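Q:
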Amino acid sequence: MEVPYESTGRRRQKGRTRAALVEAAHELLARGGAPTVEEAASAAGISRTTAYRYFPNQRALLLAAYPEIEDGAGLLPADAPADPAARLELVMREFLRFTVRWEPQLRAQLRLSLEPGAEQPALRGGRAIRWIEEALAPLAETHPRVDVHGLAVAIRSATGIESLVWLTDIGGLDRDRATEVLAASARAILRAALDPR
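Under the UniProt record's numbering, think of the first position of the sequence shown as 1, with each following residue one higher.
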């Protein structure tokens, strides 16, 4: 069985090298490009040969550039209110801030997710759905007929990077107005789900 390059000898140095390549990819993505391994290596001051030991192709590099959030971390503060609408408002504010902050990286992940037959990137991990479910959790007590997971999926479908791309690139909205529309969509979907009719 072959041992991955990064798992052998000088692990700290290799960790720093990998981090430098990922950081270079972040910076290049933020400038509007889709960096190749060679471009990230050049920006990081690392040889191409070394860079390819970490990332055999552009896809691997872009997958590694996905923004990290501590696994299991939520977006609600410790003193979050009990009201689902207020909780959703807090989560959406942080989620949309995250989406705009990491937009170039998320766009790259979205492009990768559209490639047929390839390993799916972290974009499909569903963490935003978990964040929204956490916001909506009190509905299990107050509105037991509501499918909280289904509602979270519906809200996510109208508020993520895909919707932001459409609103800005197709709809022509600036980022501030687009995030207002996304937050309003989340509120409207929640109101519709709670409508007794």
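Note that the Cβ used here is the ideal one computed from N, Cα and C, for glycine as well. Being a predicted model, the structure only gives us computed values, none of them experimental.
(1) Just checking: is the beta-carbon of residue 113 within a distance shorter than 8 Å of some beta-carbon in chain B?
(2) If we require 4 or more residues per run, which alpha helix (DSSP H) segments fall completely within the stretch 36–122?
(3) How many whole angstroms separate the CB atoms of residue 65 and residue 22, which I take to be in contact at a CB cut-off of 8 Å?
(4) If we count the other Cβ atoms within 10 Å of its Cβ and call it buried at 16 or more, is residue 166 buried or exposed?
(5) Compare the Cα-Cα distances from residue 96 to each of 196, 181, 189, 194 and report the closest residue.
(6) For the stretch 124–180, which segments carrying the alpha helix (DSSP H) assignment without a break, of at least 4 residues, lie completely within its bounds, in sequence order?
(7) To the nearest angstrom, how far is it from the Cα of residue 170 to the Cα of residue 159?
(8) Measure the alpha-carbon distance for residue 11 versus residue 139 and round it to whole angstroms.
(9) Judging by CA-CA distance, which residue of 184, 114, 79, 195 is the nearest neighbour of residue 93?
(10) For residue 187, which of helix, strand or coil comes out of DSSP?
(11) Residue 34 by DSSP, collapsed to three states: which one?
A: A quick look at the data gives this:
(1) Reference to chain B is not applicable here, since this structure consists of a single protein chain.
(2) 37–44, 48–54, 58–64, 84–101, 103–113
(3) 6 Å
(4) exposed
(5) 181
(6) 127–136, 139–142, 148–157, 161–165
(7) 15 Å
(8) 47 Å
(9) 184
(10) helix
(11) coil
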